[in-house]
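Here is the structure we will look at.
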Amino acid sequence: IGPCERLAQLLPSCRSDPSPRLLSPGTRTLFSETGVWEKEYRPETRRRVEEWWHPRIMAQWRKDALEEDSKGKKFYVLSMFPYPSGRLHMGHVRVYTISDTIGHFQRMRGHQVLNPMGWDAFGLPAENAAIERGLDPEEWTKRNIKSMREQLDSLGLCFNWDREVTTCLPDYYRWTQYLFVKLFQAGLAYQKEAVVNWDPVDQTVLADEQVDENGRSWRSGALVEQKLLTQWFIKTTNYAKPLLDALADLPEWYGVKAMQANWIGDCTGCYFDFKLKVNGEETGETLSAYSSSPETVFGAAYLAILPSHRLLHGSSSVRSVLEKDSLTEVTAHNLFTDHEVPVVISHKEAFDGYLDTVIGIPDCSEEDLSVARALNLRWTTVLKSDEDGTQTLVNSDEFSGLTRQQAFDSITQKSRDQRVGGHLTSSKLRDWLISRQRYWGTPIPVVHCGSCGPVAVPEDELPVTLPKLPSLTGKGTSPLEDAHDWVSCTCPRCKGPARRETDTMDTFVDSAWYYFRYTDPQNTVRPFERHLADHWLPVDVYIGGKEHAVMHLYYARFLCHFCKDQGLVAHREPFRKLLVQGLIKGQTFKLADSGQYLKREDIDFTDKEPVARRGGRVEVTFEKMSKSKHNGLDPQDVVQQYGVDTVRLYILYAAPPEQDILWNVKTDALPGVLRWQSRLWQLVTKLRAARQPGDIPNPSLLKKKELAETKKIWDNKNYAVQEVTSHFTGDFLFNAAISRLMGLTNTLSVTAVVQHSVEFEEALAVLVLMTAPMAPHLASEMWVKNPLSLPLQQRGDVLQQSWPAVDPKYLDVPEFVELSVMINNKACGSVTVPLQVSKDSERVQQLILESPLGQKLLSARSIKRAILSPRTALINFLVEE
């Protein structure tokens with residue numbers, strides 16, 4: 007069978023046996039038993055195509071995943087795993103459509119692809135739901151996982167389900183506990199009393215980031231209270247500077263790098279540890295105090311704490327705001343300098359950032375000098391200015407004689423070596439508070455012994471599993487306090503009586519390392535084998551919502567840095583590229599006077615402006631989908647109406663990934679992708695009509711004008727391959743990629759050179775191939791049983807083919823594109839630029855400014871911004887009038 011006949015046989019299929027057998031060279035497709043080709047891609051045709059191909063595509067993906075050549079280049083595409091609420095929403099569909107598309111594309115490029123899925127399964131929602139329904143949260147969670155997995159499968163999403171992880175299962179949280187023990191042994195997990203945010207509704211502690219600007223809980227909406235509780239923290243501040251510096255080596259993350267840098271802050275200071283004393287006797291408590299000038303620490307005069315400090319919590323002798331700074335009976339012994347200084351209660355309500363304890367050094371601050379003098383404190387001068395203005399240290403032990411910068415480096419390094427502070431961090435960053443006073447979470451693997459203090463559970467005794475409780479109330483202290491037999495235990499160190507820690511971990515701990523576990527999910531000896539993690543990491547593309555761009559990413563990056571220092575992995579950063587996705591917003595209708603949300607059926611659309619059927623003006627907006635706003639969409643309903651491929655194409659075409667999608671079926675996007683699928687189908691119909699079985703194209707029969715037409719097709723095909731590949735690998739502008747494919751479709755739709763044009767057939771083959779990752783069912787049906795006329799004579803389905811490459815001759819020819827130039831949105835001419843740089847905004851601007859048109863219209867004007875269109879050959883200069 008020749009390549010032209012193969013394209014002529016683009017016949018969809020329908021076996022009486024619907025079992026998902028894998029494809030073979032002899033596989034017949036949907037309509038081949040009758041030999042009837044339906045000329046139009048009608049809804050019924052689409053339904054039958056998707057029903058046929060859905061199980062076969064998923065079965066082939068599983069088979070290919072098992073047979074992949076381990077020597078191929080790896081590609082790890084990861085979408086943020088969901089909380090198992092029981093129902094998918096359109097945001098899930100969007101993120102997983104993107105990861106699925108990238109996975110298929112990279113597989114076609116010959117890569118080993120890892121596209122795993124799992125469940126962020128601990129947390130308050132499951133516990134609260136279980137309390138409301140009188141259920142075990144484990145039962146509730148597992149039921150939801152089953153439901154959501156079925157939904158994901160119904161969408162044809164090809165995940166590596168053999169690598170599935172579930173954070174609430176002991177075989178996963180055993181290793182969360184293992185990593186906690188490693189942090190504890192490294193001195194990075196510690197317990198202290200702290201004034202914390204308490205949610206009175208959910209009865210648990212909240213991190214500062216989980217409280218909104220109005221002082222309300224991010225989940226329950228309750229006004230947050232302040233409580234003094236003993237809590238577990240992870241010392242993420244020790245890694246602040248490495249985490250900040252590592253951002254420079256990462257590609258741009260849609261503004262997220264700046265968010266991460268802002269979250270961390272300028273790491274120009276550090277903490278030093280002090281032992282507290284009262285009347286000369288140590289209290290046993292360690293207090294960390296911040297200095298923005300650690301090189302001058304030998305000149306400390308006092309430690310200042312805020313009136314709200316935990317040391318003073320509940321003290322009637324301290325008003326909320328003091329009139330002046332006051333001395334206390336407490337002194338603090340600096341573990342680095344061996345000096346002792348008094349503790350002072352500051353009159354301030356706040357220090358810089360989140361600080362509540364700072365070191366007062368008169369040599370560095372006029373304010374510190376004023377406080378020291380007012381309280382008649384003594385201190386040592388540690389700075390001396392040379393004739394050239396250089397400041398050097400004096401009275402600072404072995405650091406005397408060093409410049410301030412030299413001393414900064416040496417003092418912070420030595421204090422780190424001695425493990426008494428010195429880790430560079432900012433004043434705005436706090437350690438990670440991980441304690442939660444709830445049941446449904448990973449138990450903290452620590453026991454409290456009267457003789458030994460807090461002791462980590464030995465690694466060979468992990469996991470510390472959650473006990474079964476007869477009921478959950480959600481009130482009072484941690485529910486685990488009620489599990490008396492579980493709480494009472496033996497100290498691993500002295501074998502005396504002890505009590506288990508009854509706080510559980512914040513779920514962010516579970517999700518800080520799940521990307522590691524996917525590389526080795528069945529390992530029962532360690533969290534993952536290093537060689538497997540080193541093979542797959544870093545994640546090549548990480549996809550998820552921008553709402554996780556700060557906390558989750560920061561914690562995940564921290565844990566990867568820690569694992570690198572522990573020798574568990576080779577990579578310090580877990581993610582190479584980050585692809586943030588916007589929301590899918592639904593159309594909402596609410597009464598203008600009361601703000602009450604209305605259902606669509608409650609609206610009268612007869613007139614130009616919608617009104618409520620019961621009377622009243624209606625405001626129409628787009629907002630985040632929710633049941634309370636009556637603007638949600640059930641993904642299954644949408645797929646039932648439009649089909650999987652249509653929904654996938656709409657999601658990819660409606661907006662770039664990082665932008666919100668305003669879901670409105672009347673916009674151009676949905677009708678556009680529906681029309682495009684029909685036009686693709688019609689191209690196959692067009693080829694079938696031009697040829698009879700056995701026909702072989704004879705290009706020598708083409709006339710001069712027709713040969714010129716084939717050259718245009720060849721150019722457009724190569725340009726499309728170049729552009730679409732770039733969008734799939736670089737900027738992830740799938741909307742622009744689809745636009746380019748639509749352009750190639752237009753070219754093939756209007757041409758008359760079909761019967762004897764190899765270029766037409768090759769271009770159609772390329773079109774189907776590049777559509778396949780985004781609309782796999784339609785493309786699979788159009789490809790039929792053998793490859794089309796590409797030189798890659800591989801057997802199997804379209805998704806098993808190699809991604810097309812640009813013809814070498816096309817790259818050798820200096821191609822140009824005519825770029826339309828606008829100034830302040832008004833067309834003013836065009837400039838021809840090389841095709842190779844036509845998407846490079848800086849190069850395009852430079853070439854236009856150097857052109858006669860640019861010299862005439864732009865040379866004397868101030869350019870505020872230049873916008874290069876990603877879709878069309880157009881640039882718009884915004885200039886001052």
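Residue numbers (this note's numbering): 7 to 887. Glycine is no exception: its CB is placed at the ideal position from the N, C-alpha and C atoms.
Buried or exposed by the 16-neighbour rule on C-beta atoms within 10 Å, applied to residue i
i: A295; result: buried
i: A769; result: buried
i: E50; result: exposed
i: G741; result: According to the sequence provided, residue 741 is Asn. The question's Gly does not apply to it. When all chains shown are included, N741 counts as buried.
i: R877; result: exposed
i: S323; result: Here the model assigns S323 a pLDDT of 47, short of 50, so the residue's position is not dependable, and the following value carries that caveat. Its Cβ having fewer than 16 others within 10 Å, S323 is exposed.
i: H537; result: exposed
i: L36; result: Only weak support exists for where L36 lies, its pLDDT of 46 falling under 50; the coordinates are left without a value.
i: Q728; result: buried
i: A833; result: exposed
i: T210; result: buried
i: Q237; result: buried
i: E887; result: exposed
i: S376; result: exposed
i: R52; result: buried
i: L28; result: Any reading at L28 must be qualified, since the residue scores a pLDDT of 37, below 50, and its modelled position is unreliable; the value itself is stated next. Label assigned to L28: exposed.
i: G32; result: Legend: pLDDT at G32 = 34, less than 50; position of this residue unreliable, value from coordinates given subsequently. It is exposed - the Cβ of G32 has fewer than 16 other Cβ atoms within 10 Å.
i: Q806; result: buried
i: N831; result: exposed
One or two residues paired with residue i in a DSSP bridge
i: H454; result: P460, R505
i: E231; result: W204
i: F304; result: Answer is none; F304 lacks a bridge partner.
i: P840; result: F822
i: A743; result: DSSP, once it has assigned bridges, lists no residue as partnering A743.
i: W238; result: Q197
i: G366; result: Y308
Distance CB(residue i)-CB(residue j) smaller than 8 Å
i: W204; j: P533; result: no
i: S684; j: Y179; result: no
i: V470; j: P449; result: yes
i: Q157; j: Q642; result: yes
i: A879; j: E824; result: yes
i: V617; j: R582; result: no
i: A562; j: A518; result: yes
i: L584; j: W269; result: no
i: Q232; j: W224; result: no
i: G305; j: V388; result: yes
i: C164; j: N121; result: yes
i: M154; j: G109; result: no
i: V453; j: R505; result: yes
i: V400; j: F342; result: no
i: V493; j: T510; result: no
Whole-number beta carbon distance between residue j and residue i, since they are thought to touch under 8 Å
i: E664; j: V586; result: 5 Å
i: A246; j: L430; result: 7 Å
i: E854; j: V837; result: Note that residue 854 is Ile in the sequence shown, not Glu. That belief holds up - the Cβ atoms of I854 and V837 are roughly 5 Å apart, short of 8 Å.
i: F280; j: S297; result: That pair is no contact at about 11 Å.
i: A338; j: V349; result: 6 Å
Proximity to residue i [Cα-Cα], best of the options
i: Y445; options: P476, P464, S432; result: P476
i: R62; options: L863, T513, H783; result: H783
i: P90; options: E144, L120, V217; result: E144
i: K501; options: V202, G456, L584; result: G456
i: N752; options: F822, P248, R681; result: R681
i: I881; options: S755, I829, Q216; result: I829
i: T716; options: S857, L543, A758, V83; result: A758
i: I873; options: F883, L604, A866; result: F883
i: D721; options: I667, D818, P662; result: D818
i: S706; options: H762, A743, A695; result: H762
i: F595; options: D613, E629, L574; result: E629
i: P464; options: W789, K263, S875, T496; result: T496
i: L689; options: Y659, N637, K633, A785; result: A785
i: A310; options: D344, Q66, L383; result: L383
i: G275; options: R316, L328, S433, T289; result: S433
i: I657; options: T103, V774, T334, F342; result: T103
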